[in-house]
Structures are given as structure tokens and as C-alpha cells.
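Data first, discussion second: the structure below is written as C-alpha cells.
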Amino acid sequence: MADDKTQYNAEHLDDLKRRAVADLNACGAADELEVWRARYLGRSGALTAVLRSLGGVADIKERARLGQRANQLKTELEGELEERRARFGAVKTDGADANFDASLDGTRPPSGGYHISTLTIRKILRIFGEMGFQALAGPEIEEARYNFDMLNIPADHPARALMDTIWVKGANGAERLLRTHTSPMQARAMQSAPPPIRIVAAGKCYRHEATDASHDWQFHQVEGVAVGRGITFANLKWVLEQFAKRMFGEERRVRLRCDYFPFVEPGVDVSIDCFICESAGCRLCKHTGWIEIMGAGMTHPNVLRGVGYDPDEVSGFAFGLGPERIAMLKHGIDDIRLFFENDLRFLAQFANGAEV
Amino acid sequence: MKTTVAWLKDFVDFDLSPSELCELLNSLGLEVNGASAVGDWGDAVVVGRVAGVRAHPNAERIRLARVDIGAGAPVEVVCGAPNLAEGQKVAFAKPGALLFNPESGRRDFKLKPVKIRGFVSPGMVCSEVELGLGGEHDGILVLDDEPAIGSPLQDIFGDTVLDFDPSPNRPDWFSAIGIAREIAAATGAELRPPATDYPERGEPAERLAAAEIAPSAADLCRRYIAGVVQNIAVKPSPAWMQRRLRAIGERPINNIVDITNYVMFETGQPLHAFDYDKLKARKIVVRRAKAGEKMRTLDGVERRFGGDDLLITDDSHPVAIGGVMGGAESQIEANTNAILLEAANFHGANTRRMSREQKLRTEASLRFEKNIHPANALFGIRRAMRLIQSLADGVAARDLVDFYPRPQSPPPVKLTRKRIKYTLGVAWEDKRVSDTLTALGFKLKSAKDGEWDVEVPFWRVDVGIPEDLCEELSRIIGYKTIESAPLAAPLPSAAIARELTLPEQTVAAMEACVRYGLQEVINYAAVSREVDARCDGDGALDAVELVNPVSSERALMRRSLRGGLLKTAGYNLRMARDSVAIFECGHIYGATAADDIAESEAVGGVLAGARSRPHWRQKNDKYDFYDAKGCVESVLSKLNLTPVFTRVESDFFQPGRALAVAAPDGAPLGTLGELSSAVLDDFEIDARPVAFFELDLRALQLSAAKASAGARYQQIARVPQITRDLSLVVDQSVAAADLVEIIKRPPLIKSATVFDLYRGRGLPQGKKALAVRVVYQSPTKTLSSGKAAGVEQGILNALQTKFGARLRLDIANQG
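Line by line, the protein sequences are chains A and B. Going letter by letter, the first sequence gives residues 524 to 879 in our numbering. Going letter by letter, the second sequence gives residues 3 to 817 in our numbering.
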């Protein structure tokens, strides 16, 4: 390739024409014509380079002569190109092509997707995020003191028997276990910072349970805590109502009933009116009109004291819910074991949606 | 816990349908599992009187009973029961009655007139079994004389059985009286506790028996009460008691045993009756078991004890396991003449441990586990003494032997109007507060307006702080009356420990995988020993072992994502899929030599089979090594990291087709490659090749944090760049990356990318052609093509020297 300082002459143009015509004759298809065009007539094509270089020709007559010949060659080559384009059926002008098949599938990039549990967790975290809850994560192999003791569940407490714990061998001093709930994150979060705190934490939990359509030994939970000055049950109720509306629809109503969790007092279970039957009674709500979605309550003074907070200065609430259960309710999934069986025919049904 | 509606109505009047009652109790926090009707035969089963009995003309064992059922003439029906006799009041089922079907176990057999040996029987005299009332014997049910002939049997036997799942902090909910108390408090009705007085006509109890708790067992038994009744008559308990026990699933045995059971379900206090004459020393000693001590329990099982096992002994031999079950030796028998009745209080956790170790979960242990108050023992035993007195005749000793060295009475709870507002955010009237708590059995003293000293009744062992009382108020008054208030408290600081915040790099890595076309999967976090050994046997950390895994398939916590991903890939490929492209992001675990737990996080993926869905424009090619590499590159590029790859060999991967991935600073991040056939065979995967990658997210997070901290804005060049292609012929053994590295050395080279690889015809033996697109860019001025050509010549010379590379003539670079 000649550089900028090359002085083109007539021979150059002849040589260029020979090569161009030879190459054009060698073209056998429309896409090859395009390559050829780019090579000779495009912005950095060989002929374009010649035309650009003309400015550097000192002799005015020579410049005019060469310019005329170069432009003539350009016209010739463009004519040849059009003729071949027509021949190969690649008419560049607008107009109907009788053979164009618009019915063929469009081209799409490969589509991956998130697991339905991940999507549900993200939606839950986003809703609480909008209410100022920071998202945290923590260990799944947990110390017994975080999983139980610091949650007002001392060694002899009957509630320990409710949670069938899977224990870890070789504990090296500390009793270790697979966390049975995400509630240890309450204590870990409070321990790490002074009040006020407002956090939400998601992750895997494990229980030594027989598996069936509604129980699996591994599952996810989302836990939330807000502690600060002047936080009351009325605030908890508001947060629960906001969550229900944002997750299940603006018209949802919330019902609270007394329930027992050692780390809250008072404790409640949280139901929403059935969004399938509008409380008329159906299979989903077991003909009660209400669907349980989570547990909640005011953080127990012993839990606050355990992390060094003063229960007479600050108060707060906590809540916990199961993303798999939420997803089952929302999508009509009837067996929790589908979540970790990972049949792609199951996962793909949800992967391409937006967040749940 | 089960009880019946009729039983509750002994203690409180209410006019609620079973479903309304369930709803009320549920709302108060007592979970109702179900309500089922017993004896709802309607008018189809009525009280009849056997007016006459005669032999069946054509059958020996069958008789004909003429039954008066009130309306119209008596009907004559076939009856095979040997206990049928004239004058009895019986249960008579008319055609259409729904009777118990032993095959289905339900009351779904519809009675029709049947012809038996030539005689049409328009109805049936029923046994308890046929009526669905339980029971074991075949004879007909004989009623007492009271009910009127022709009246529906439902009026006598109809009831609703309620099945509860009480929370473990409420032992009072394991009793009918406790549940009745909730109904009374919530409806405003009056509570009628069961009568507990009885005539004490016998000798003073202390002359008949002694009881003590050994000092060394004082931690396991807080109270032991013994009552003595002499000259009793052991016989079946009355029909009403048997019916109630059967309704809640208990088998009637005899009046004494039935009364102890009945009172337990009524008061929540487990009781045990010993045959007084079989106690060797007439003295009860409660003590810890001696190592290896043995006793046969009521269920006939010989059991061994030791350690913290608590035994009731007659001073020499064990006669019961404290709080769990009595011994066979001293059980009540038909000829028992006198009993010693026990009502004690046992340590909850120790009772739970014993019953678990002995695999003996009884209604008694279930209740003691919940830490009943010692005061309940007195309530229970007095109630039982009264019933034994009236239903088993007998002479009750005067007073009770009561060993209760340290009586328990918790201090009153201070409650203030201010605290209610502080916790609940609501201001209820003082009277409403005191009325509500009083109805539940709390006693309130108010020295000052809006302040109370609240004395907690013995059955409420769950109440000890003002917040507990706030719960009482809110559940009885109703959560509906608390108006929700926006959470307006100041936002928290960002001071939460850094290691707890959800790492954004995890989110970014997942996003990169999804964009690459991978579907996320979530596998179980524990694997079998075999899978662990196959995938991670050479790991730097040991596997974390579980003490009590759910199955041997889940014995160890995973050390990497390999096992789960390969199992899932194999499963889906076998499910007639021609392709899988999956990734997982989750925790991995290891134990250090010092037994410390190291929990980390990883992202990994498997790609196998067709790279794209069938499409008219797509070439049919398969996922391979370069997809795993591309995915890793995508993840790292998303985190602003340029990976450093090094070839590695391991028997997990195909020889020569594996890379170790490191961060620019050399920190190891993971591996990628095509999996070896041996591994794929083990996971029953037929597809070849199968590409795999796994990255340590914690390491990735550290590297990414460093990289992003150093990211600074770079001036964008405002002058055009020049693009020139090179087509190079080199030995097959030359690595493309090495060529590119040389090409990129001159400062004017912005990028160099291999865009074509050709092997085969037209090339000399042992050679390959690589086409490289080279972009030249000066930051400040427009490059001339002459300048670029000069740089290119330098590159070509270097490649020629280093790799013997020659230029494959390319027309684009001529002219």
C-alpha cells in the first residue's frame, strides 16, 4: 500500500483498474460485492485513496487529468458494481422483494435467567429497600449462640425442639450448626453497629425434617429488623401492610394473629386476604379466606440486652418470611421440592420474567 | 392436644359454631388443626327400647329384636349380638344412617334394609363400633335408662372434637380448662373451674405414706404430692368419661387410670396412680437413677437408666420414670384395693431428654416438657381425688403428703400506661386494660393512675415482663384496634459491619452469567461422601461433616459447586435436553486443620450440548472450552478485572484443556476447562465436550475492590484510529495469546484481536493461519497510514524472529 506521499500516475490507475475488474469478476455473491466495494470504493478504499491524494499533485494540469481519469474510473466501477448487484439479486434500492420471508423467527441472543428463589428474594429485598432496609448476608454454618442463645432461646428452651437442628462435627469449642433460620442475622447486625438499625437479610436455612410437598430440609428465609427510638407495634403493622400491598397488590388487607417466637414479644403471624378468591374461600387459602405469609413481632428485651442495646431506650421489630412459600403462592407451584431439583423445564418458566 | 366442645362447655358457656370457635381460638394464638364432628347422625339414629326378643326362624345364632322407637309400632330387626336383652335401651339406626365402615376407617357406610335368611331387617341395633364411637367389643351399645325413647342419639353423643397445636410456651393450652379460660376472656363469659373439694374421711395421709425428693435430685423435681385412697372398686369408668376419652383418641382402661388421664386433659397436670399395696415401703423417694438400674414400664418394655434419669422409687426399687411413664410392677389391676396418687412437677428439659432417649413420648412428658408451674399439681390432684372418690367409691385419706421445699411465686409484673404506648403505639383506657387482664386471671393492684402491679396466675408461666402483658392486651382486645403508623424513625447509619453487607460483586457476577445465556440453578449445600471425594478430594480444606445429616446423600457440606452442578447438568441432559447452560452462585464450606470453619462463596457453571436453540440463521455448533473461558472473561470484565490464565493439568479436566484463572495481581480466582471423560462417566453424562468453570467470589470481591478503587477516568482520544488486518502463518504449536502479546507491545497499538483461525488446505504441513485485527491509535494526533505501516513492519519483524511468522498475502493490506 502506498503512503500519503505517493505520487500517483496514470500507470497506477491502469493497474488499479486491472486489479479491481479482476477482483470484481471473481465475486460470486452479493456479500462478496460488498467486500469489494469497501476495498475499492469505500472510505478507505484504494480508489478513494487516489482521489484523496490528488490534492498533493503539484502540476495543475496533471492534477486535472488524473482527477478526470480517476473519476471516470470511479463511475465505471460503480456501473459495473450496480450491474452485478442486479445480477446477484441484491438490489440496493428500496422496493419489494417477493422472496423475502418475514415470517422466519427473529434472531435473539441466548437467554439465561435467574432461579425463581433468587427472583423472589430480590423482589422482597427491593420492597424493603424502598422502606430503608439495608440488605445483608451472613454465614450458613452458624454458632449456636447466634442461632439460639442470643435470640432468647437458651439451651433448655422447648422452642429448640421445634427446630430440628442439623449439627456440625468438630465444633472446635463453639457449638456449630446449620442455621435453622435467618434470625441470627438480627443479633449479628445489631452487634455490629449501634442503633438505629434497619436491615433485611436473605439466605439458605436448614432443618432436619422429612421432606414432602411443603417441606424441604433446605430453604431460604428473609429476615428483617428495625430498632431505634420510639419504634412501636403500630410501625411494624404499617411495614407489614406496605409489604403486603407491594408484593401482592394494592388492595391487599393484612390480618395479625397472636403467635409465638421466643425472640419477639408480642409475636404475630401475618396473613393477607386471599388474592385468588378475594376471601370467598378456595383451595389456596384452605377455605379460610386468608393466607399466612410471614411471622413478626416486637424484638424481645432479652435480645436487645444481649447485643448491648438498652430496651428502655430503644425498641424495635423483626419479621421473617420464606421466599419459596411466597413464590409458591404467587405462581401456583404445588411442591417445594421443585425448587432444588433444578429441572430446567421448571426454572425456565420463571427465568425470563421481570422480578416475580 | 385434643378436647371436645362439650368438654369446654363444662367450664364456659358460649354460643359459637365450631368454625367460629376455631376462628376465635386461632386469632388468640391457639392454632386449631381441625374440628371433626362425632355422633352427627341427625335423626337417623334414635334411642330405642328392646320390647321383645325371639329366635330367627332360619338361623341359630341370629335373633330378632322388636324395638320400640317412639313413633308408631315397634320394628323388628335382625341382631347377632349376644348381649341383646329385653328391656334394654339401645341405639337404633334407621335406613339411611351413616355408620362406621371398617374398610375405609370412616363413617361412610349407608344403612339399607337387608334381607338376612329370608327376613328383611328395616334397621339395626348398633354397637359403639358401628356408631363410630370407637370401642372394641362386638356387643350392642346399652344406654342407661335416662334418654327418652325416640329421641335422636346425637343429642346425647353428638360432640365436636378439636385438635390443637399449642405453642410450647403455653402449657395451660394443654388443658381443657386453659382453653375454656381463653374463650371466657375473649367473649366476656364467666369461667366455671371444675370442683376440687372432696370428703376426706380416711386416716391422715402422712400416716399412710411418706414422700421426699432426694437433695441430689432437687434440681429435677420441684414438688411431689401424694394422695391415698383406700377401699376402692376398680371397674370400668362411666360411659360419659369413656366417650370423651375415646373422642380424643385415648383408650379407656379402668376407672382409676381413666380418671388420671381425664384429669390430665382437663387440668394439664399429669398424674400417676400406684397400687398402694405393691409399694414396698409406703414411701416415695424421688432420686437420680443409679448407673445400670432397670425397670419394666407399663408398655412392657424393660428399660435401663443412669446419669440424669429421674426415677420414682419406693425407697428401694424404681416404680416410675419421673414425668414419663409408670412401672409395670405397681400398676392398677382389677383387684387393687388402695392407691397412691402422684401429682408432681418435673424439670422440663430433663423430661424431654429422657423421653427422647427412651423413645417414649407420652402425654405426661409432653406436658412436663413445657415447664408447668408446681402449683398446678395441687389443682390436678384435688380434682382427681374428687373424681376417684365419686366414681371408684373409696375412702380418701385426710390431707395430702406434699413435699415442696421451695415454693415458687414469681414477683408481680410492673405495667404502665406509658409502657403500653412505648411497645404497642396505642393508648387504651385504663379500665379496658385492667378488665382484659382480670378476665385472663391476672390480679391487678393500682397504687397510681396508669400504673399496675400485676400478679401472674400460676398457669401463666409464659408471662414475666410488661411486653408479655402487652401481648395479652393486643391479642384479646384485637390487633385491628392498633392503628398502623408509618415508620418515621431516622434512617440507620452505614456502620453495619462490612462483612455482613450483601456483596455487589456477587450480584454482578450472577448478572454476567445470565447475560452470557446461563440459567441459574440452586443445589443442596450438602453432598454425599462419594461426590465430595470425586470432586474435591484434593481440596486444601477438609470437608465439614454433619453430625445428623438428613441422609447419607447429604453427609458433608460441599467444598465446591462441582458436585451439584454436574448432577443437575446430568439430570437435565438425561431429561431429553440437547443442551444445558447453567450456573450456580452459593456458599461453599471447608474445615481448617484446626477445625475452624471457612465459609466462602463461589460462582460456577456447566455448558454442554448445542450452543444455541435451533435457528435458521445459526450454525450448529456445541459449547466447548472457549465458552467456559468466555463466561469467566465476561464475569471478570463485569468487575473491571483482566484475567490472567495459566495452563494447568488435573484429572478433573481433559489434558491440555484446563486453565487456572488469576487476578492481575496474581491472586488465584478459580479454574475452567473441559471435563475429563472419567468425571463425566461418574456423573452419567454422555455429552462431549462439557465445559466447566468455577470462581471463588470472596477472592473475586477482594480483587474487584482493589481494581475499582483504582479506576480513574481516561481521556478519550478525539482523533481517528487506523485499523489494519494481519494474516499470519505460524507453527501449530504457537499460542495465539503469545502472538497477540508481541503485537500489542508498541505504544501506538490500541488493541489486537484474533478474528480468524485457519488450518488445512493451502497451508504448509504443521502450520496454521491466524488473522489479527490491529487498531492503531495515537492519543493526540491523526496517524498517517505511513506511520502505521512502519509500526506494522516492526511488529512483523519481531514475529518473524520470535515465531518464524510469515505474512499470508492479504489483498487488504496491499495497494
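From the three backbone atoms N, C-alpha and C, an ideal C-beta is built for every residue, glycine too. None of the values given here were measured: they were computed from a predicted structure.
Worksheet entry | CB contact below 8 Å: Gly590(A) versus chain B | Closer than 8 Å: no.
Practice prompt. Reducing DSSP to helix, strand and coil, say where Lys528(A) ends up.
Written response: Low local confidence applies: a pLDDT of 48 at Lys528(A) is under 50, so the model's placement there is unreliable, with the coordinate-based value given in what follows. Here Lys528(A) sits in coil by DSSP.
Discussion item. Taking the straight line between their C-alpha atoms, what separation do you get for Ala219(B) and Arg289(B)?
Written reply: 5 Å
Worksheet item: In angstroms, rounded to a whole number, what distance separates the CA positions of Asn799(B) and Arg868(A)?
Response: 56 Å
Worksheet item: CA-CA distance, Met713(A) and Val830(A)?
Response: Here the alpha carbon of Met713(A) sits roughly 6 Å from the alpha carbon of Val830(A).
Practice prompt. Flag this pair as yes or no: are the beta carbons of Phe94(B) and Ile118(B) separated by less than 8 Å?
Written response: no
Discussion item. Taking 8 Å as the threshold (beta carbon to beta carbon), is Trp430(B) in contact with chain A?
Written reply: no
Discussion item. Give me the residue from Glu148(B), Phe166(B), Asp165(B) with the minimum Cα distance to Ile158(B).
Written reply: Glu148(B)
Discussion item. Is Asn670(A) close to chain B? Criterion is C-beta to C-beta, closer than 8 Å.
Written reply: No, Asn670(A) does not count as interfacial toward chain B.
Discussion item. Against chain A, does Gly134(B) count as a neighbour if the rule is that its beta carbon must be under 8 Å from one of theirs?
Written reply: no
Worksheet item: For chain B, is any of its Cβ atoms less than 8 Å away from the one on Pro707(A)?
Response: no
Item to complete: With 8 Å as the threshold, decide whether the Cβ of Met654(A) is near any Cβ in chain B.
Response: yes
Worksheet item: Could you give the distance in angstroms between the alpha-carbon of Ala228(B) and the alpha-carbon of Pro254(B)?
Response: The C-alpha of Pro254(B) is placed about 23 Å away from the C-alpha of Ala228(B).
Worksheet item: Alpha carbon to alpha carbon, what distance is there between Asp17(B) and Glu252(B)?
Response: 27 Å
Worksheet item: Is it the case that the Cβ atoms of Glu586(B) and Val523(B) are separated by a distance below 8 Å?
Response: yes
Worksheet item: Using the C-alpha atoms, what's the distance from Gly764(B) back to Val879(A)?
Response: Annotation note: pLDDT 46 at Val879(A) (below 50); position unreliable, coordinate value reported separately. In a straight line, the C-alpha of Val879(A) is about 56 Å away from that of Gly764(B).
Fill in: Enclosing beta strand (DSSP E) for Asp70(B) [first to last residue]
65-70
Item to complete: Kindly list the residues whose CB is nearer than 7 Å to the CB of Arg683(A), restricted to its own chain and excluding five residues on each side of it in sequence; keep chain order.
Response: Phe671, Ile676
Worksheet item: Does the Cβ-Cβ distance between Ala716(A) and Leu674(A) come in under 8 Å?
Response: Taking the C-beta atoms as reference points, Leu674(A) is found no nearer than 8 Å to Ala716(A).
Practice prompt. Ignoring anything shorter than 4 residues or poking outside the segment 691-770 of chain A, list the alpha helix (DSSP H) runs there in chain order.
Written response: 707-715
Item to complete: Could you work out which residue in Trp559(A), Ala569(A), Arg730(A), Ala724(A) is closest to Leu536(A) when comparing CA atoms only?
Response: Residue nearest to Leu536(A) within the set Trp559(A), Ala569(A), Arg730(A), Ala724(A) is Ala569(A) (criterion: CA-CA distance).
Fill in: Within the segment 331-382 of chain B, ranges of the beta strand (DSSP E) (whole runs, at least 3 residues)
Listed in chain order, the beta strand (DSSP E) elements of length 3 or more contained wholly in the segment 331-382 of chain B are 341-348.
Worksheet item: Under a CB-based cut-off of 8 Å, is Arg462(B) close to chain A?
Response: no
Worksheet entry | C-beta contact flag for Ser169(B) and Gly36(B) at 8 Å | no
Discussion item. Tell me the DSSP secondary structure of Ala480(B) in three-state form.
Written reply: Note on identity: in this sequence residue 480(B) is Gly, with Ala being the wrong assignment. It is coil, neither helix nor strand.
Discussion item. Quick check: is the beta carbon of His375(B) nearer than 8 Å to any beta carbon in chain A?
Written reply: no
Worksheet item: chain B partners of Thr571(A), CB-CB under 7 Å?
Response: Correct list: empty, because the minimum Cβ distance to chain B is about 11 Å.
Practice prompt. Flag Ser357(B) as yes if its beta-carbon sits less than 8 Å from any beta-carbon of chain A, otherwise no.
Written response: Taking 8 Å as the CB threshold, Ser357(B) stays off the interface with chain A.
Worksheet item: Hey, would you say Leu520(B) sits closer than 8 Å to Gly747(A), going by beta carbons?
Response: no
Discussion item. Can you confirm whether Trp454(B), when its beta carbon is compared against all beta carbons of chain A, has any partner nearer than 8 Å?
Written reply: no
Fill in: Element boundaries [beta strand (DSSP E), containing Ile467(B)]
Where Ile467(B) is concerned, there is no enclosing beta strand (DSSP E), given that its DSSP letter is neither H nor E.
Worksheet item: Going along chain B in order, which residues have a C-beta closer than 8 Å to the C-beta of Trp761(A)?
Response: Ser486, Ala487, Pro488, Leu489
Fill in: Sequence-distant residues of its chain with Cβ nearer than 7 Å to Ala514(B) (five each side left out)
Ser636, Val637, Lys640
Worksheet item: Comparing alpha-carbon positions, which option in Ile754(A), Leu604(A), Ala803(A) lies nearest Ala545(A)?
Response: Leu604(A)
Discussion item. Can you pull out the residues from the segment 551-575 of chain B whose beta carbon lies closer than 8 Å to at least one beta carbon of chain A?
Written reply: Pro551, Val552, Arg556, Met559, Thr570, Tyr573, Asn574
Discussion item. What does the alpha-carbon distance come out to for the pair Asp527(A) and Leu730(B)?
Written reply: Unreliable placement is indicated for Asp527(A), whose pLDDT of 46 sits below 50; the coordinate value is still reported in the next sentence. The alpha-carbon atoms of Asp527(A) and Leu730(B) are separated by roughly 26 Å.
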